[in-house]
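Participant:
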Amino acid sequence: FPNCPTDDTGYFSLREAIAESSNVIIWKPHGDSLLPQTLCYTIQKVASLNSSRFLRMIFDFILEKFNLLTLGYSGYDDDFFPIVYDFPLNNRRCNALLWNSYEDPVEGSPPSNLKRIWGNELSFLIGDMQQILQEALACKGRPPLLRVKPCSDSWESSLRGELSKIPLDGRA
Numbered sequence: 073f074p075n076c077p078t079d080d081t082g083y084f085s086l087r088e089a090i091a092e093s094s095n096v097i098i099w100k101p102h103g104d105s106l107l108p109q110t111l112c113y114t115i116q117k118v119a120s121l122n123s124s125r126f127l128r129m130i131f132d133f134i135l136e137k138f139n140l141l142t143l144g145y146s147g148y149d150d151d152f153f154p155i156v157y158d159f160p161l162n163n164r165r166c167n168a169l170l171w172n173s174y175e176d177p178v179e180g181s182p183p184s185n186l187k188r189i190w191g192n193e194l195s196f197l198i199g200d201m202q203q204i205l206q207e208a209l210a211c212k213g214r215p216p217l218l219r220v221k222p223c224s225d226s227w228e229s230s231l232r233g234e235l236s237k238i239p240l241d242g243r244a
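Just remember that my numbering sits 72 ahead of the position in the sequence shown, which is counted from 1.
1) Using DSSP bridges, identify the partner residues of Ser195.
2) Give a yes or no on whether the C-beta atoms belonging to Leu194 and Asn172 are separated by under 8 Å.
3) Alpha carbon to alpha carbon, how far is Leu303 from Pro77?
4) Alpha carbon to alpha carbon, how far is Gln116 from Cys166? Give it in angstroms, no decimals.
5) Leaving aside the five residues before and after Glu175 along the sequence, list all residues of the same chain whose C-beta is less than 8 Å from its C-beta, in chain order.
6) Between Phe153 and Pro182, which are expected to be in contact by the criterion C-beta below 8 Å, what is the C-beta distance as a whole number of angstroms?
7) Rounding to the nearest angstrom, what Cα-Cα distance links Asp79 and Phe126 in this structure?
8) From Gly103 to Tyr83, what does the alpha carbon distance come to, in whole angstroms?
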């Protein structure tokens, strides 16, 4: 899904696709470079995204029902971080949040602040995204760069299965 829903129809369409899929859903709220018309890169578009009730609604749905793996997001902006940060503070049931970071989060950084709030429900995947995906596919045991708390075996197995379907040659 190449961007954030902007109306009820888009919200319910994305929510239904996520709820009914047995696959990993890839959602790109800032758009997809292969679909330039979906990109959210101007001040006006980003402001519109930040104030979108649909963005909060879809994140609430995802965080309440599913494990969330973030790739390529530092947390240093107000697009999604406040939503993810506030979720457990509102006494909501949280699933696992897996956060990719190129290196260990620095104390006081947004990801380290998330750890204080999310506790054991947050795990860091340290390393380059491409390297993490390659190691997840190539390694029979737990890849060394995936320094995460143990997940349920079925969820880890499901994630590895879905990752094995992603081409690593730039076509995805």
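Backbone N, C-alpha and C define an ideal beta-carbon position, used for all residues, glycine too.
Facilitator: Taking the coordinates as given:
1) Locating residue 195 in the sequence shown gives position 123, where the first residue counts as 1. Per DSSP, the beta bridge partners of Ser195 are Leu170.
2) For the purposes of this step, residue 194 is taken as the residue at position 122 of the sequence shown. For the purposes of this step, residue 172 is taken as the residue at position 100 of the sequence shown. Taking a C-beta distance under 8 Å as the contact criterion, Leu194 and Asn172 do not qualify as a contact pair.
3) The structure shown does not extend to residue 303, since the chain spans only 73 to 244, so no value can be given for it.
4) If you number the sequence shown from 1, residue 166 lands on position 94. If you number the sequence shown from 1, residue 116 lands on position 44. Their Cα atoms are separated by approximately 32 Å.
5) On the sequence shown, position 103 is the one that residue 175 refers to. Cβ-Cβ distances below 8 Å link Glu175 to Ile198 in the same chain, with the five nearest sequence neighbours on each side left out; the list follows chain order.
6) To locate residue 153, count along the sequence shown from 1; it is residue 81. To locate residue 182, count along the sequence shown from 1; it is residue 110. Yes, they are in contact, since the Cβ atoms of Phe153 and Pro182 sit about 6 Å apart, within 8 Å.
7) As a first step, residue 79 must be located in the sequence shown, where it is residue number 7. As a first step, residue 126 must be located in the sequence shown, where it is residue number 54. Their backbone Cα atoms lie some 7 Å apart in a straight line.
8) In the sequence shown, residue 103 corresponds to position 31, counting from 1. In the sequence shown, residue 83 corresponds to position 11, counting from 1. Taking the straight line from one Cα to the other gives about 15 Å.
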